[in-house]
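Read the structure below first, then the notes.
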Amino acid sequence: MNFLLNEIELHIDDSLVEQAEKLLEANAISQLIETEKHLWIATVEDDFSYEIEIQITPSKIKAYTCDCNAFAHKEVCTHITAGLLKLRKQQQRNEKKKKQPKKIKKPKKLTTNSILKNINADDLIAFVRSYARDNRNFAIALKARFASAVNLEDSEEKYIQLMDTAINNAQTQASKISARASAVLHRFTTSLFEQAEDAIIEKNYAEGIFILKAIVLKIMPLLKWMEGSKKDMILLINTCLNSFKSLIDADIAPQLRTLIWNFAFDQSRKSFYRNNKLEDSIYDLLLAYANTSEKNQQIIAAIDDDLKSKTATENLNLLLIKMSLLEKEKRMEEFQLLIKENLSNPNLLLVAVQKSLKSQQLSYAKHLAKHGASISTEQEHLYRFKVSLLEIAKLQKKQSDIIKYANECFLLGFELEYLLLLKQEVKDWKSTKEILISQIQTLPFSLAKRDVLAAIFELEKDYPALLNYVSSTRSVDLLNKYSTILLDFDNEKTSVAYINILSEYLQNHIGRQAAVKVRTMLERLQINKEHKLVEKLLLHFRKEFSERHSLMEELNELVPA
1009 MNFLLNEIEL
1019 HIDDSLVEQA
1029 EKLLEANAIS
1039 QLIETEKHLW
1049 IATVEDDFSY
1059 EIEIQITPSK
1069 IKAYTCDCNA
1079 FAHKEVCTHI
1089 TAGLLKLRKQ
1099 QQRNEKKKKQ
1109 PKKIKKPKKL
1119 TTNSILKNIN
1129 ADDLIAFVRS
1139 YARDNRNFAI
1149 ALKARFASAV
1159 NLEDSEEKYI
1169 QLMDTAINNA
1179 QTQASKISAR
1189 ASAVLHRFTT
1199 SLFEQAEDAI
1209 IEKNYAEGIF
1219 ILKAIVLKIM
1229 PLLKWMEGSK
1239 KDMILLINTC
1249 LNSFKSLIDA
1259 DIAPQLRTLI
1269 WNFAFDQSRK
1279 SFYRNNKLED
1289 SIYDLLLAYA
1299 NTSEKNQQII
1309 AAIDDDLKSK
1319 TATENLNLLL
1329 IKMSLLEKEK
1339 RMEEFQLLIK
1349 ENLSNPNLLL
1359 VAVQKSLKSQ
1369 QLSYAKHLAK
1379 HGASISTEQE
1389 HLYRFKVSLL
1399 EIAKLQKKQS
1409 DIIKYANECF
1419 LLGFELEYLL
1429 LLKQEVKDWK
1439 STKEILISQI
1449 QTLPFSLAKR
1459 DVLAAIFELE
1469 KDYPALLNYV
1479 SSTRSVDLLN
1489 KYSTILLDFD
1499 NEKTSVAYIN
1509 ILSEYLQNHI
1519 GRQAAVKVRT
1529 MLERLQINKE
1539 HKLVEKLLLH
1549 FRKEFSERHS
1559 LMEELNELVP
1569 A
């Protein structure tokens, strides 16, 4: 997204463009209309009818959507591409019409358009100059719209001046900015940001960078004085930081990269970013432009300074950044010391374990993972440490540890891959399986526990146990899930289970939702050609629940065999 309408073929795969052109040739697009300024909608006929929306500016594509499956998965599709191609052709036709000499007609009404077409250019300039003197908002809007056209000796300074003008117009003598003035200032700044985006897309990088820098520098100190739009302004500053970061892969001059780095580093020292939860964004920007060891060292020093004012619960991201940089700079003693000082922080230990695994320091990784498991108070942390210990055991080829941690991982997460690994490694699987099932049965009830026991019986093809388990749990969901297997195994007993479980379900659940669920289950039985069982269930339900109108209505919807 955010590319020029004239450069569609450079940003969208050729295969999509070819398919889109075929749709155009087949006149598959209808009703391409502009519902709002720069917002276009259209209908595309391609097997089914799809609706697309395209948002543009005069110079670029800003956003688009389509309700087809391809767009949901890839965020672009043939229908969007066809819409963009048609929109471009339509605009090109309009441009040609504008260039053709037109017969001069006398206007029937006095409108703004008719005045602009007939007024003398010098008179218009004089009027604009005079009106701008008397109307500060108009003067600011004029400067914002055409600032990029003015080449000052210092291009950066003109946007600083422009921001100062807008701010001075918004502030009262007491420096306060009312809610109304805040909203006006936010609209102005957003408009300026869009100009920065346009400049960057057109590869006028310096202009875009100067605008972004002016917005951040001038808006940030104002936030404490604003009575409204504060959250919107913080979000805009964050967007500006992300725009700086997006330039990392662009072909910008080295001096501009240095400018961004110096600006970001200076900003990172300001409390605003910590106080407004933008600390991660400013450090992400610094890391993106830290292309030398010296810059890495500067970030480490800055983090150390920040960590002095942070509690253990707040500093995780900074600690992780510092850990990565120490590793990158091969300052391993400090790396080890950082971990040692934070042995009570499971999140940091998890990252340290993975880094140690990556560098094949298996003994150290095992030591950290065991410690992490011993201090974990949350099951998620414990599970992840046990998974790491299992990974280490497999790398070290220690069968006893593989069995131990595969067993523990399975009991913590109920993931069948650990059950299969356990089955592969143990000698007496039958005994191990019985112990495992017994251990699961002692755990508190949960849907995960219910489901995993059924999954074990199915995996082991222990269909008598599966049928007994489904019958004992009285679970409609398990009955529905394993119905095909169980009916093939023992149709008579499974049919009895259907009558008992669904009858109990209907006794305990009333209303349309329960009726729909039962009807859906019977439809599935019909699809599987269990017509006798469906007939038996229908007779039973119509006899036992005849007063349940919603149930009777749903059952009457069933198509007869």
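With my numbering, the residue at position 165 of the sequence shown is 1173, and numbering never jumps. We put the CB at the ideal spot given by N, CA and C, even for glycine.
C-beta atoms of residue i and residue j nearer than 7 Å
i, j, result
"L1093", "L1032", "yes"
"I1260", "A1296", "no"
"I1242", "N1176", "no"
"C1417", "K1435", "no"
"L1358", "R1392", "yes"
"L1398", "A1414", "yes"
"L1040", "T1086", "no"
"S1384", "L1390", "yes"
"A1000", "A1028", "Residue 1000 is absent from the structure shown; the chain starts at 1009 and stops at 1569."
"N1304", "E1337", "yes"
"Q1404", "E1433", "no"
"Y1281", "I1290", "yes"
"L1264", "I1307", "no"
"E1061", "T1073", "yes"
"I1507", "H1548", "yes"
"L1334", "E1342", "yes"
"A1174", "E1235", "no"
"K1330", "L1293", "no"
"K1226", "M1171", "yes"
"K1374", "I1347", "no"
Continuous beta strand (DSSP E) stretch holding residue i: start and end
i, result
"A1050", "1047-1054"
"A1071", "1069-1074"
Counterpart residues of residue i in DSSP-defined beta bridges
i, result
"I993", "An answer regarding residue 993 cannot be provided, because it is not within the stretch 1009 to 1569 covered by the chain."
"I1064", "I1069"
"F1011", "I1069"
"E1044", "L1047"
"M1234", "I1185"
Where residue i falls: helix, strand or coil (DSSP)
i, result
"L1451", "coil"
"T1481", "helix"
"Y1058", "strand"
"E1466", "helix"
"A1320", "In this prediction, A1320 has a pLDDT of 46, which is less than 50 and means its spatial position is unreliable; what the coordinates show is noted afterwards. Of the three classes helix, strand and coil, the one that applies to A1320 here is coil, per DSSP."
"I1518", "coil"
"T1247", "helix"
"S1558", "helix"
"Q1098", "helix"
"K1378", "helix"
"L1351", "coil"
"I1175", "helix"
"L1024", "helix"
"N1564", "helix"
"E1335", "helix"
"D1436", "coil"
N-terminal and C-terminal residue of the alpha helix (DSSP H) that residue i is part of
i, result
"E1399", "1387-1404"
"I1260", "Note, I1260: premise wrong, no alpha helix (DSSP H); not H, not E."
"Q1369", "No alpha helix (DSSP H) holds Q1369; DSSP gives it neither H nor E."
"C1417", "1407-1421"
"R1550", "1539-1552"
"Q1305", "1301-1315"
"M1228", "Run containing M1228: none; DSSP gives neither H nor E here."
"D1292", "1287-1297"
"T1492", "1491-1497"
"L1432", "Contrary to the premise, residue 1432 reads as Gln rather than Leu in this sequence. It spans 1424-1433 - the alpha helix (DSSP H) in which Q1432 sits, taken as one unbroken run."
"L1018", "1016-1019"
"R1282", "1279-1283"
"N1077", "1077-1082"
Whole-Å CB distance - residue i paired with residue j, under 8 Å assumed
i, j, result
"E1565", "R1520", "Contact flag wrong, Cβ pair sits at about 12 Å."
"N1010", "R1096", "About 16 Å separates the two Cβ atoms, so there is no contact after all."
"A1207", "I1223", "That pair is no contact at about 13 Å."
"A1462", "Y1490", "7 Å"
"D1244", "T1197", "Note that residue 1244 corresponds to Leu in the displayed sequence, not to Asp. About 6 Å; that satisfies the 8 Å criterion."
"I1064", "H1046", "5 Å"
"F1553", "L1559", "5 Å"
"E1531", "I1493", "That pair is no contact at about 19 Å."
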